[in-house]
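Under this note's numbering, think of the first position of the sequence shown as -17, with each following residue one higher.
Every residue, glycine too, gets a C-beta built ideally from N, C-alpha and C.
Quantities reported herein were computed from a predicted structural model and do not represent experimental measurements.
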Amino acid sequence: MSVSRYALAMIVGGVATYGALNFFPVLNHDVSAGVSDTSSTTQEPLYWVAPMDPNYRRDKPGKSPMGMDLIPFYGDDAQQNSPGTVAISPEVVNNLGVRTTLVKDSVLQQTISTVGYLQYNSDRLIHIHARVNGWVEKSFITANGDAVAKGDPLYDVY
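Right, dumping it as structure tokens:
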């Protein structure tokens, strides 16, 4: 592609982008016009409710039967939210200790240190009784659980 064709493509693309941005009013609206200043208007609470019992309601502030301060209820904003939306007040989020972070795609590695016990299988345990005249003079096995290979001597008989 030659330099002149590249420059022409850039100019046509720039003009098309500029025209598209000015043609669609959604992309060219004033963001500050839709924001209402809520600090100037004070909202009166509908009633006061106990923090632990939402059925305990009063017309003015005071104490709940559990000795806690009543909190104001200003009304439900459910009409503004779509169905299925869960709204949690910032106070509850703070009390729960909710923390958010960016999502990372990584490998989750977790090491677990634990204690394990090895035991023999009692179903495969065999007792052999050697019926001979004499006694065991020397035992080559010193402790219960010592490893024994096929053909190893176990004891000497007198």
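Terminal residues of the alpha helix (DSSP H) in which residue i lies
i          : result
valine 142 : In the structure as shown, the chain starts at -17 and stops at 140, and residue 142 therefore has no counterpart that could be examined.
For residue i, the residue or residues it bridges with in DSSP
i             : result
isoleucine 53 : Val31
valine 118    : Val139
arginine 40   : Trp30
lysine 45     : Asp51
Delimiting residues of the beta strand (DSSP E) encompassing residue i
i             : result
aspartate 138 : 137 to 139
Near the ligand GDP: residue i beta-carbon under 8 Å from a heavy atom
i             : result
aspartate 128 : For the structure depicted, the ligand GDP is absent and the ligand set is empty, with no information on it obtainable.
Where residue i falls: helix, strand or coil (DSSP)
i                : result
arginine -13     : helix
phenylalanine -6 : In the sequence as presented, phenylalanine is not what sits at residue -6; that position holds valine. Looking at valine -6 - three-state DSSP - the assignment turns out to be helix.
alanine 112      : coil
leucine 100      : coil
aspartate 134    : coil
valine 17        : Interpretation of valine 17 is limited by its pLDDT of 49, a score under 50 that renders its predicted location unreliable; no figure is taken from the coordinates.
threonine 124    : coil
Counting beta carbon pairs with one atom in the segment 66 to 80 and one in the segment 37 to 48, are three or more of them shorter than 8 Å?
no
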